[in-house]
Amino acid sequence: MNNYPLQKQIKQQRSYINHMIIWYCNRGLYVRSLESTTGFICLCPIYYYGDRCQYQRKRITFIFRAELTGSFNENFPTMKFLVLLIRENEKRIILSHEQFLYTPFEYCSPKYIIHLVCPINDSLSLYSNDSIEVLMFTSSTVEHHSTWIFKIPFHFLPVQRIVKRLFISNIDTFDNSIERIINKKNSSSCSKDSFYVGYDINLNRDICICPLNRIGSRCFIPFNPCTNWSCNYHGQCYSNDERTQPDSQFRCICELEWFGKRYENKKFRFDISFTDSK
1 MNNYPLQKQI KQQRSYINHM IIWYCNRGLY VRSLESTTGF ICLCPIYYYG
51 DRCQYQRKRI TFIFRAELTG SFNENFPTMK FLVLLIRENE KRIILSHEQF
101 LYTPFEYCSP KYIIHLVCPI NDSLSLYSND SIEVLMFTSS TVEHHSTWIF
151 KIPFHFLPVQ RIVKRLFISN IDTFDNSIER IINKKNSSSC SKDSFYVGYD
201 INLNRDICIC PLNRIGSRCF IPFNPCTNWS CNYHGQCYSN DERTQPDSQF
251 RCICELEWFG KRYENKKFRF DISFTDSK
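If you're matching positions, the sequence shown starts at 1 in full-length UniProt numbering and goes up one per residue.
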C-alpha cells in the first residue's frame, strides 16, 4: 500500500484575448457560426448594419418624461405607450415603433429613451415629412386615451435627439381632427381582443396593442403572472414591463392599510371615536 499522499497535478490556465476579434464587429457582437462561410457572424444593434456592423442607420433618439397634471383615474392603474416614427408623403408609412407599460402610481415623472430607426439606405429622408406620434392606451381594455404629435425639424441630420415632456390629464385629449392616426380596421394577424394600429416596414409585421393578459407580437399568447396570493389579498396585481423591472413579472397596487414588497405588513392605525357627554 502506498503511504505517500496523492500529488495533485496543477495546470495553469492562461486566457488569451484576441483584440482583432473584439473590434472586428465594431459596435456589434462577434459570434461563431457553423452556417456562415466565414465561420462567424456579427450581431448588430438596431442602429448599425453591415456584415461587420460598420454602417450607422439614420435614427432618432426620442427622450420624454411623462407627468401627471392632476389626479389620475384609479380605474386605470397602468397605461400603455406606443411611439411611432411616421413618414407622410403620398401615403402614411410607419418606419419604426416601440411600446411599453407605464404605471402612474408607482413612477413619479419617469424618463424614457426610445431609439427609432429609418430604413437602410434611406434616399427619401431629405425630402420627406417625418414626425413622431405618441399614443397612450388603457392597458386592460386597450382603449385610446391620448395622442401627441411632434414634427422632426432637421431631416438632413443622420442622428437626432428630441426631448419632450408629456403632460397626462384625466381628460381624454383625443379629438376627431387626428382620428386618421389610428387605423381601426381589424388585421388578420392580430388577435380579436387586441388593437391594430398599422404596419411596421422595419419589422415587416403588423403592430398589435395587447391587453394585459396577452403577449407576443400578435397577442395570441395568454400570459398572466398574477395569482390569488401575489399581493397577499391586500392589493391589485398587474403585469409588469420587464424592461423597467427585470426582477419581477408583476406589480401590486396596495390598499391603504397595507405596505411592504408584497403588502404583507399592516400599517399602524389609530381609531378615534367621539361621544356626546350631554
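Idealized CB from N, CA, C, for every residue including glycine.
Terminal residues of the beta strand (DSSP E) in which residue i lies
i, result
"D206", "205 to 209"
"Q54", "Per DSSP, Q54 belongs to no beta strand (DSSP E) and is neither H nor E."
"T147", "144 to 151"
"K80", "79 to 88"
"Y102", "92 to 102"
"I168", "159 to 168"
"C237", "235 to 239"
"D200", "195 to 200"
"Y112", "111 to 117"
"E133", "130 to 138"
"F274", "From DSSP, F274 is part of no beta strand (DSSP E); its letter is neither H nor E."
"L43", "40 to 43"
"Y30", "29 to 32"
Euclidean distance between Cα positions of residue i and residue j
i, j, result
"G198", "I94", "7 Å"
"C231", "I215", "22 Å"
"P225", "G260", "19 Å"
"F270", "N228", "29 Å"
"Q160", "T61", "6 Å"
"residue 302", "F274", "Absent from the model: residue 302. The displayed extent of the chain is 1 to 278, so no value can be given."
"C53", "I209", "31 Å"
"L29", "L101", "29 Å"
"P211", "C190", "12 Å"
"E133", "F268", "46 Å"
"Y238", "N129", "39 Å"
"R180", "R92", "Low confidence applies here, because R180 scores a pLDDT of 45, under 50, leaving its location unreliable; read the following figure in that light. Their backbone Cα atoms lie some 10 Å apart in a straight line."
"Y196", "M136", "14 Å"
"F40", "L84", "34 Å"
"T173", "L166", "For T173, the predicted structure reports a pLDDT of 48, less than 50, and the residue's modelled location is therefore unreliable. The matter cannot be settled from this model."
"P222", "D193", "11 Å"
"D200", "N265", "46 Å"
"L116", "I149", "15 Å"
"Y48", "N26", "9 Å"
"I46", "Q249", "25 Å"
"L68", "S140", "20 Å"
"R218", "S96", "17 Å"
"P158", "V31", "28 Å"
"D206", "E98", "12 Å"
Which listed residue (the options) has its alpha carbon closest to that of residue i
i, options, result
"E88", "I152, I168, N265", "I152"
"P110", "S140, W258, S188, K164", "K164"
"T138", "F167, P119, L82", "L82"
"I112", "A66, G39, P119, T38", "The sequence given here has Tyr at residue 112, not Ile. Y112 has its Cα closest to that of A66, out of A66, G39, P119, T38."
"F156", "F220, L34, D122, Y49", "D122"
"K80", "T103, F64, E90, R59", "T103"
"R251", "E257, D241, W258", "D241"
"T78", "H97, D276, E143, R205", "E143"
"P119", "E98, Q56, Q99", "Q56"
"I162", "S36, I63, I22", "I63"
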